[in-house]
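Q:
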Amino acid sequence: MDLKQHAAELARFWLHDNAVIIDTETTGLTDTDEIVEISVINCHGTTLLDTLIRPSSEINPAAQAVHGITLAETADAPTFDQVLPDLLRVIQGKTVVMYNSSYDARLIQQSAMKRGCRAPTLYPHCAMKTYAKFYGQWDDYRESWKWQSLDKAARQCGVTVDGNAHRALTDCFTTLGVIKAMAAYNPAVA
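For the sequence shown, the positions run 1 to 190 when UniProt numbering is used.
1. What runs of the alpha helix (DSSP H), each 4 residues or longer, lie entirely inside the stretch 85 to 113?
2. When you compare each of Thr30, Phe80, Asn18 to Ala62 by their alpha carbons, which one comes out closest?
3. Taking all protein chains shown into account, decide if Thr121 is buried (16 or more other Cβ within 10 angstroms of its Cβ) or exposed.
4. Does the beta-carbon of Val96, which I'm using as the reference point, lie nearer than 7 Å to any heavy atom of the ligand NAP?
5. How about Tyr185 and Gln156: are their beta carbons less than 8 Å apart?
6. Which term fits Asp23, buried or exposed, when burial requires 16 or more other beta carbons within 10 angstroms of its beta carbon?
7. From the DSSP output, read off the bridge partner residues of His125.
Now the structure itself:
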């Protein structure tokens with residue numbers, strides 16, 4: 001089985017298992033940043049969690065330029081420690097998939113710790129790394145498969161982005177579209 005076929009099999013497993021897809025938007029990229037929006041959907045496209053989160057720090061202007069979320073919009077939102085029980089409830093016992101899982105999982109950990117909560121242990125599957133193998137563009141510099149942005153992966157798969165790109169819920173549905181496109185791969189007709 002080649003890498004593309006293996007990635008397609010994994011995507012089919014996620015769909016069959018009704019995995020949950022998580023996406024976050026954050027105050028920035030550093031090890032002190034935190035989540036300002038989190039969404040979770042299942043592979044049937046049901047929204048399980050979708051909320052803004054009030055951060056304890058400012059939103060970096062560069063991050064705000066990407067997702068468009070302002071501190072004023074989060075003023076009446078719950079804090080991460082208030083959202084964490086709902087997050088844990090909707091992912092309990094589920095296969096978790098994220099597009100760039102190392103980043104989103106790290107921000108979930110950071111946000112929990114910043115609010116004095118026990119950080120959840122997550123073992124997410126990474127849709128971005130799986131898609132990199134599926135797409136098959138080699139990166140000589142990193143000596144690995146080139147990671148594609150979610151926007152680029154969606155275009156490459158013919159997935160329509162419905163809503164505001166770089167908002168958590170839209171990115172969850174876009175990730176689901178990429179997963180479905182990988183799962184539909186059939187080497188017999190490729």
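All C-beta atoms in this analysis are idealised placements derived from N, C-alpha and C, irrespective of residue type, glycine included.
A: Reading off the structure:
1. none
2. Residue numbering aside, residue 62 sits at position 62 when the sequence shown is read from its first letter. Of the listed residues, the one whose Cα sits closest to Ala62 is Thr30.
3. Position 121 of the sequence shown, counted from the first residue, corresponds to residue 121. The residue is exposed, with fewer than 16 neighbouring Cβ atoms inside 10 Å.
4. This structure lacks the ligand NAP; in fact it carries no ligand of any kind.
5. Counting from one through the sequence shown, the residue named residue 185 turns up at place 185. Counting from one through the sequence shown, the residue named residue 156 turns up at place 156. No, they are not a contact pair.
6. Sequence index remark: in the sequence shown, residue 23 carries index 23 (1-based). By the neighbour-count rule (16 or more Cβ atoms within 10 Å), Asp23 is buried.
7. If you number the sequence shown from 1, residue 125 lands on position 125. In the DSSP secondary-structure assignment, His125 is bridged to Val97.
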